[in-house]
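Letter by letter, the sequence shown follows residues 91 to 471 in this note's numbering. We put the CB at the ideal spot given by N, CA and C, even for glycine. Bear in mind the structure is a predicted one, so any value in this text is a computation, not a measurement. Everything on this sheet refers to the single structure shown next.
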Amino acid sequence: MRRGGITEKTVRFLAETQPATPCLVVDLEVVADAYKLLRHYLPLAKVFYAIKANPAREILALLDRMGSSFDVASRGEIDLCLHLGVKADRISFGNTIKKEGDIAYAYEHGVRLYAFDSAAELEKLARVASGARVFCRILIDSDGAEWPLSRKFGCSPEMAVDLLRQAKAAGLDPYGVSFHVGSQQTKVDQWDSAIGRAARMFTLLAETDINLKMVNIGGGFPAHYRGDVPGVERYCNAVMAAITRHFGNDLPEIVVEPGRSIVGDAGVIESEVVLIADKGLGDGKRWVYLDVGKFNGLAETMDESIKYRIETPADGGPTGPVIIAGPTCDSADILYEKTEYKLPLALKVGDKVRLMATGAYTSTYASVGFNGFEPLKTYCI
Ligand SMILES: *Cc1c(COP(=O)(O)O)cnc(C)c1O
């Protein structure tokens, strides 16, 4: 089976259960394998799973049992962890945009590791999270990422050095540096310059007796969609080579926050073809409408960024170009129009199609019920 394909277990589950569509089926064995593979190739790093990629309880419980820590972004994600029995010392509050009340809540519940990237956020932390470890997120370029996180997060490394000094003066523990090279990063060497920047910050701060301890290399490792991507071992080797190059023998604590690469390949969405239409425009393109779209799980088709592989029961026969759209009455609910997709000419209304490697950023990345279409239901098997 190619990575990001469907497992026997998922095929059997769909055949035996015949769940209503659309639905997401996540094979927990694939999640476990992805976690193990990352631990194998990056043994020195501590893994903080980025919960937002897929917060299904079964996934969190599995990763907790396997020893993972968790990167959370909100009070809701903290509660999710605590209710599952995750210890507070395995939680990192990694969102740089937090309400002061939520920081206080996290602190009361024992969370002692926080991200920030601005003076105002640092002030909040100093007020309600005294003595906590804080790490500053720096802004780097996310070239090569199919889902860039761009300029919303991070500050310049120069400013980060100043802020980490202020953190110490304000009674916090300046702990490290973080960055994110952009999600679904297709270039393995994208981590190098960011790690170099982090190392220079360690050196600069050491001059004023601040000894940073941690480099948090964020997420960014890919899932297997339509395009080819390098294997996880190539990413891990590139990251370790960069850390050794820039830090020499004095290796920092390494934190990695994978989301997509842990759960993406483990999921398959089954969807029904609702309508196939030719609009009489002579462009030779059929419109194929599915019961899943941008508002019930496929938000990452925004700007046609993430290109899922689609399998149909008619695969193998002749194909023709299609425009693929979701079921709602919103014209933004088109999945692929500019990107070339071809589907079998024999595809019929009522057929079940499968969107592969859809375990990440789908189930909770759905509207609460736009147009009466329910959010995507998840089955973890
Ligand atoms: C979303 C996010 C991640 C996960 O990124 P992936 O590209 O899905 O691995 C990691 N860290 C932070 C701070 C994030 O916001």
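Taking 7 Å as the cut-off, does the CB of residue i come closer than this to any heavy atom belonging to ligand 1?
{"i": "Phe311", "result": "yes"}
{"i": "His314", "result": "no"}
{"i": "Arg165", "result": "no"}
{"i": "His270", "result": "yes"}
{"i": "Lys136", "result": "no"}
{"i": "Ala450", "result": "yes"}
{"i": "Arg202", "result": "no"}
{"i": "Gly308", "result": "yes"}
{"i": "Arg66", "result": "Nothing can be reported for residue 66, as the shown portion of the chain is limited to 91 through 471."}
{"i": "Gly244", "result": "no"}
{"i": "Ser453", "result": "no"}
{"i": "Ser208", "result": "no"}
{"i": "Asp161", "result": "yes"}
{"i": "Ser220", "result": "no"}
{"i": "Ser273", "result": "yes"}
{"i": "Gly317", "result": "no"}
{"i": "Lys142", "result": "yes"}
{"i": "Glu347", "result": "yes"}
{"i": "Lys184", "result": "With the sequence shown as reference, residue 184 is identified as Gly, and Lys is not the correct amino acid for it. Yes, Cβ of Gly184 sits closer than 7 Å to a heavy atom of ligand 1."}
Classify residue i as helix, strand or coil using the three-state DSSP reduction.
{"i": "Pro109", "result": "coil"}
{"i": "Asp161", "result": "strand"}
{"i": "Glu119", "result": "helix"}
{"i": "Leu433", "result": "strand"}
{"i": "Asp154", "result": "helix"}
{"i": "Cys326", "result": "helix"}
{"i": "Pro247", "result": "helix"}
{"i": "Glu464", "result": "coil"}
{"i": "Leu302", "result": "coil"}
{"i": "Gly286", "result": "helix"}
{"i": "Thr97", "result": "coil"}
{"i": "Lys349", "result": "Rather than Lys, the amino acid found at residue 349 in this sequence is Gly. DSSP places Gly349 in coil when its eight states are reduced to three."}
{"i": "Val363", "result": "strand"}
{"i": "Leu239", "result": "coil"}
{"i": "Ala219", "result": "coil"}
{"i": "Arg444", "result": "strand"}
{"i": "Asp263", "result": "strand"}
{"i": "Glu190", "result": "helix"}
{"i": "Thr293", "result": "helix"}
{"i": "Lys277", "result": "coil"}
For residue i, which of the options has the nearest alpha-carbon?
{"i": "Tyr469", "options": "Asp393, Pro145, Arg93, Tyr195", "result": "Pro145"}
{"i": "Thr448", "options": "Tyr426, Thr418, Glu390", "result": "Glu390"}
{"i": "Val218", "options": "Ile230, Ser232, Glu236, Glu198", "result": "Glu198"}
{"i": "Tyr265", "options": "Ala140, Thr402, Gly370, Ile344", "result": "Ile344"}
{"i": "Ala140", "options": "Met392, Arg102, Gly184", "result": "Gly184"}
{"i": "Pro348", "options": "Val162, Asp318, Asp117, Pro434", "result": "Val162"}
{"i": "Ile187", "options": "Ile168, Gly370, Ser208", "result": "Ser208"}
{"i": "Leu174", "options": "Gly191, Leu153, Ser182", "result": "Leu153"}
{"i": "Ala210", "options": "Ala250, Arg147, Ala196, Leu239", "result": "Ala250"}
{"i": "Arg241", "options": "Glu248, Arg227, Leu254", "result": "Arg227"}
{"i": "Asn386", "options": "Val458, Met291, Phe103", "result": "Val458"}
{"i": "Ile471", "options": "Val116, Met156, Arg316, Gly261", "result": "Val116"}
{"i": "Phe269", "options": "Ala257, Val329, Asp263", "result": "Val329"}
{"i": "Glu248", "options": "Trp237, Gly261, Leu229, Pro238", "result": "Leu229"}
{"i": "Asp381", "options": "Ile396, Phe138, Glu394, Leu425", "result": "Leu425"}
Where does residue i land, buried or exposed, given buried means 16+ other C-beta within 10 angstroms?
{"i": "Asn301", "result": "exposed"}
{"i": "Leu295", "result": "buried"}
{"i": "Arg444", "result": "buried"}
{"i": "Met304", "result": "buried"}
{"i": "Met446", "result": "buried"}
{"i": "Lys428", "result": "exposed"}
{"i": "Lys384", "result": "buried"}
{"i": "Met392", "result": "exposed"}
{"i": "Gln531", "result": "Within the shown structure, residues of the chain are numbered from 91 to 471, placing residue 531 beyond reach of any answer."}
{"i": "Ser351", "result": "buried"}
{"i": "Asp368", "result": "exposed"}
{"i": "Lys438", "result": "exposed"}
{"i": "Lys177", "result": "exposed"}
Between the beta-carbon of residue i and the beta-carbon of residue j, is there less than 8 Å?
{"i": "Asn327", "j": "Phe225", "result": "no"}
{"i": "Leu113", "j": "Leu388", "result": "Looking at the sequence itself, residue 113 is Cys, so the reference to Leu does not match. Cβ atoms of Cys113 and Leu388: not closer than 8 Å."}
{"i": "Gly272", "j": "Ala235", "result": "yes"}
{"i": "Asp233", "j": "Gln280", "result": "yes"}
{"i": "Trp377", "j": "Ala415", "result": "yes"}
{"i": "Ala356", "j": "Val121", "result": "yes"}
{"i": "Thr276", "j": "Val319", "result": "yes"}
{"i": "Ala289", "j": "Phe337", "result": "yes"}
{"i": "Val353", "j": "Pro417", "result": "no"}
{"i": "Glu362", "j": "Thr100", "result": "no"}
{"i": "Arg478", "j": "Thr298", "result": "With the chain running from 91 to 471 in the structure shown, residue 478 is simply not present."}
{"i": "Tyr315", "j": "Gly94", "result": "yes"}
{"i": "Leu118", "j": "Leu150", "result": "no"}
{"i": "Lys375", "j": "Val346", "result": "no"}
{"i": "Ser159", "j": "Ile181", "result": "yes"}
{"i": "Val137", "j": "Leu127", "result": "no"}
Cβ of residue i versus every heavy atom of ligand 2: is any distance shorter than 7 Å?
{"i": "Glu236", "result": "No copy of ligand 2 occurs in the structure displayed; its ligands are ligand 1 alone."}
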